[in-house]
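J.: In my numbering, the protein residues as written are 34 to 290.
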Amino acid sequence: MPELPDVEIFRRTAETHALNQAIEAVEIDDQKVAASSPQNLSESLRGYWFTEAKRRGKYLLMPTSGETVLVMHFGMTGWLEYNQGDKPGYAKATFNYTNGYSLHFINPRKLGRLYITDDIEAFCQYMKAGPDALALKEDAFMERAQKKKGMIKSALMDQSFISGIGNIYSDEICFQAGFHPKTKINDLSEIQLVRLFHAMNDVLQTAIEHHAIPEKMPAHFIIPRRKEGEYCPRCGGAIKKDKRSGRGFYFCPHCQE
DNA sequence: GTCTTTGTTGGCAC
DNA sequence: AGTGCCAACAAAGA
């Protein structure tokens, strides 16, 4: 679930509900999600409050009134919940506020992580996070893309190249740009790279506008049709499934060259 | 029971 | 060096 558009929705949840209130306690319900030790998490956050909710790629960054920043990464499944009362299922970490509400880090498959850092830039460098897909300007994208090799889909999913895109949205970007996912990125002309850049922006922006809910995507999107037996929204032909390094991907052989 | 699934990393082959 | 593939991590649903 959590690629750039999903994390952007979580960021907005955090921004509207979880800022500027003192954190009374931090509960870590699964040691595995604490990439920084639970003691470190607790000591860095208790008594402080989140001042901002930022995002870089798939990372949600929450600077505090102290000297540290809480960093969340959701792994393959996860989301945030802000509530009062019972702890939701699969809550792996909970930040309790003095007003009685809590922010829950939900992570059913335990592949998410929480980090504490005092330097966002250094953290991103250490994690090899490239520029955010939505913050990247066209000329910067072109400069990077012209040096990049390998399949378009792999390039889009390479977090050190551009950060934020995963398996689902890379399929959608390839579809909207009209490229077969396995096309080599260095075989694209300058004009085709520009087309890829605009498809990337359009897909991510549109997904955010639709709250990153697959069923709510526009009719011309392939995302709601990532199933065998489905048909292409553009030409009506059969959607095909293939594999790339053990991961399934979907495309229209007629519309994507 | 088997296969697949959204992310990332590390090992191996080329 | 960089690219691709696979396994592993977890757990749930088909």
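Virtual Cβ for every residue (Gly too), placed ideally from N, Cα, C. Model, not experiment: these values are computed from the prediction.
Counting Cβ pairs, one atom from each stretch, are 3 or more of them under 8 angstroms apart for the stretch 206 to 221 and the stretch 278 to 286?
T.: Touching, per the Cβ criterion.
J.: Determine the closest residue to G108 out of G122, K91, A124, N116, with distance taken between C-alpha atoms.
T.: K91
J.: Would you decide whether H137 is buried or exposed? Buried here means 16 or more other CB atoms lie within 10 Å of its CB.
T.: buried
J.: State the Cα-Cα distance for the pair S196 and T239, rounded to the nearest angstrom.
T.: 18 angstroms
J.: With a threshold of 7 angstroms on Cβ separation, who are the neighbours of Y123 within its own chain once the five nearest residues in sequence on each side are excluded?
T.: I139, N140, P141
J.: Three or more C-beta pairs under 8 angstroms: does that hold for the stretch 142 to 153 against the stretch 174 to 182?
T.: no
J.: Who does R44 pair with in a DSSP beta bridge?
T.: Partner(s): none; R44 has no beta bridge.
J.: Using the beta-carbon count (16 or more within 10 Å), is S135 buried or exposed?
T.: buried
J.: Pull up the distance between the alpha-carbon of G99 and that of K186, whole angstroms please.
T.: Rounded to the nearest whole angstrom, the C-alpha separation of G99 and K186 is 40 angstroms.
J.: Classify L136 as helix, strand or coil using the three-state DSSP reduction.
T.: In the structure shown, L136 falls within a strand segment according to DSSP collapsed to helix, strand and coil.
J.: Tell me the rounded alpha-carbon separation between E76 and A67.
T.: 13 angstroms
J.: By how many angstroms is the C-alpha of G199 removed from the C-alpha of P164?
T.: Rounded to the nearest whole angstrom, the CA to CA distance from P164 to G199 is 15 angstroms.
J.: Just reading off the beta strand (DSSP E) that R277 is part of, what are its end residues?
T.: 273 to 277
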